[in-house]
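These notes are about the structure you will find just below.
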């Protein structure tokens, strides 16, 4: 502080000291009684003035003090690791997990009642069977007897039908004979009429018609011929009625009885075939059984439970945010219920399981998706199909817990950012051509435990730009890094560098 600045403060202090001493001398003089109060007030004011002056002097000295020089040591460039970005197609792999289940579970139930007399070697817990293979045999003696009885009934009814057909033929012959007799009677009537005409003509020529007898005029013969015709017509009508009514009804009844008997025979033959209990219409395995030789079973008895072994299914959860990376196997259904099949692209699934302390793998594909989304977790479920789960050892058994890696559609033309280079808030540090750090926030398209996938970054001012080939990414975790900090990557500046930050 300069001397000119100090003088006013020093003079003020000296003047205050002289005033204080003069005051003290004045106070020492004898005063009249009753003048103590004004003297005390003056002393108090003088004390306050001294304190105020001292405080002002101290404040003035502090305010006008010279600033101390600060020493800033030069900052060395930070040594960092770096990587140059390359544009690639990123293969999307969605991790999931689930339990294996058979694609079909079926109960083995007999269709007829009977006693089990024999079982196949495959009919045991854990036994494998082929499609429609015979597994059990029931006692079939009653069914064979029923078949013989049904055959006898059919033959008996067929004999009756043949007899009725013969009777019908006889009635037809009677109709034909009646028609022949009628034709013969009508011909005889016509002949008698001709004779009568000739006789009358001859009598007229002889002028003896009036005196002639009925016999001469051939009238009795005409009457007899008419009677014969009427009798023949009556016989024909009766024969036709007999042919149309009675035989036809009986034949229809017999044919209906024969049809019913044949149906009973066919059902009995089917029941005989059903005494052999067969496997379902898929290759499978017996999961458990509840029947064996000697047991009497009914059509409602479940003898065993079988599971399919041609392929297995795994129900896998997939977050809704990742479903868009999968090729949907489901058809597209319009409002009219018409469907169009999706493209032939199949989504591959790698299945892994730890069995006996060792890792084993299988390959499958997504077959379909479930109809509903889980309301609590908002996850979709896809069904993976694994063919031939028992084709090698160890087998992929029903109920086995597995891990899955679902291969979705690759993300085209992106940059893979190592997870260790990503800071909180998805910020990364890029190195520009001057080897200075620039902060950018990733606009991520995909992330997992190892990587973050992006095409663009956003600056601190909100500006968005595309990432480019050979931009330099800082891999070292630099605490409290700021835009513009100098770095040392141990190399000369690359030809292509990240642009400066905002």
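In my numbering, the protein residues as written are -10 to 491.
Here a beta-carbon is modelled for each residue, glycine too, at the ideal position from N, C-alpha and C.
Values in this document were obtained by computation on a predicted structure and should not be read as measured data.
Worksheet item: Counting Cβ pairs closer than 8 Å, one from the segment 275 to 291 and one from the segment 84 to 99, do we hit at least three?
Response: yes
Worksheet item: Does the segment 304 to 316 come close enough to the segment 99 to 114 that 3 or more CB-CB pairs lie under 8 Å?
Response: no
Discussion item. Considering only the alpha carbon of each residue, which of 442, 174, 229, 228 lies closest to residue 213?
Written reply: Minimum Cα distance to residue 213 is reached at 174.
Item to complete: Identify every residue that forms a DSSP beta bridge with residue 419.
Response: According to DSSP, which records beta bridges pairwise, residue 419 is partnered with 427, 462.
Worksheet entry | Assigned exposure category for residue 85 - 16 Cβ within 10 Å defines buried | buried
Item to complete: Could you have a look at residue 250 and say whether DSSP puts it in helix, strand or coil?
Response: helix
Worksheet entry | Near the ligand MG: residue 32 beta-carbon under 6 Å from a heavy atom | Only the bare structure without any ligand can be found here, which leaves the ligand MG out of the picture.
Discussion item. Quick test of the definition: if touching needs 3 or more C-beta pairs under 8 Å, does the segment 73 to 89 touch the segment 402 to 419?
Written reply: yes
Worksheet entry | Secondary structure of residue 433, DSSP reduced to three states | strand
Worksheet item: Does the beta-carbon distance from residue 369 to residue 307 come in below 7 Å?
Response: yes
Worksheet item: At which residue ranges does the segment 260 to 311 contain complete alpha helix (DSSP H) runs of 4 or more residues, listed in the order of the chain?
Response: none
Discussion item. On a Cα-Cα basis, can you pick out the residue from 211, 449, 387, 401 that is closest to residue 79?
Written reply: 401
Fill in: the segment 334 to 343 / the segment 376 to 396 touching (three or more Cβ pairs under 8 Å)
yes
Worksheet item: Can you list, in chain order, the residues of its chain whose CB lies under 6 Å from that of residue 23, leaving out five sequence neighbours each side?
Response: Reliability of the predicted coordinates at residue 23 is poor, the pLDDT of 49 falling under 50, and no value is obtained from them.
Fill in: Whole-Å CB distance - residue 146 paired with residue 247, under 8 Å assumed
4 Å
Item to complete: Taking residue 404 and residue 268 to be in contact with their CB atoms under 8 Å, please state how far apart those CB atoms are, rounded to whole angstroms.
Response: The beta-carbon separation of residue 404 and residue 268, rounded to 56 Å, does not stay under the 8 Å limit for a contact.
Item to complete: Reducing DSSP to helix, strand and coil, say where residue 185 ends up.
Response: Residue 185 falls in the helix class under three-state DSSP.
Worksheet item: Which first and last residues belong to the beta strand (DSSP E) in which residue 336 is found?
Response: No beta strand (DSSP E) holds residue 336; DSSP gives it neither H nor E.
Fill in: CB of residue 163 within 7 Å of CB of residue 221, strictly
no
Worksheet item: What number of angstroms, rounded off, separates the C-alpha of residue 354 from the C-alpha of residue 441?
Response: 26 Å
Worksheet item: Can you list the alpha helix (DSSP H) stretches of 4 or more residues lying completely in the segment 143 to 170, in chain order?
Response: none
Worksheet item: Would you report the Cα separation of residue 295 and residue 413, rounded to the nearest angstrom?
Response: Roughly 54 Å separates the two Cα atoms.
Discussion item. Looking only at its chain, what residues have a beta carbon closer than 7 Å to the beta carbon of residue 299, apart from the 5 residues adjacent to it on each side?
Written reply: 271, 272
Practice prompt. Quick one: grab the DSSP three-state call for residue 356.
Written response: strand
Worksheet item: From this set, 474, 68, 88, 104, which residue's C-alpha is nearest residue 287's C-alpha?
Response: 104
Worksheet item: Quick one: what does DSSP say residue 389 is sitting in, helix, strand or coil?
Response: coil
Worksheet item: Helix, strand or coil: which one does DSSP assign to residue 242?
Response: In the three-state DSSP reduction, residue 242 falls in the helix class (H, G or I).
Practice prompt. Compare the beta carbon distance of residue 357 and residue 372 with 7 Å and say whether it is the shorter of the two.
Written response: yes
Discussion item. Between the alpha carbons of residue 474 and residue 460, how many angstroms are there, rounded?
Written reply: 17 Å
Discussion item. Do residue 124 and residue 264 count as a contact pair if the criterion is CB distance below 7 Å?
Written reply: no
Discussion item. Only counting the same chain, and skipping five residues up and downstream in sequence, which positions put a Cβ closer than 6 Å to that of residue 87?
Written reply: Within the same chain, residue 87 has close Cβ partners 303, 304, 305.
Fill in: Residues of its chain near residue 218, where Cβ-Cβ distance is below 6 Å and the 5 sequence neighbours each way are ignored
174, 175, 178
Discussion item. Using only the alpha-carbon positions, how far apart do residue 476 and residue 347 sit?
Written reply: Using only the alpha carbons, I get a separation of about 47 Å.
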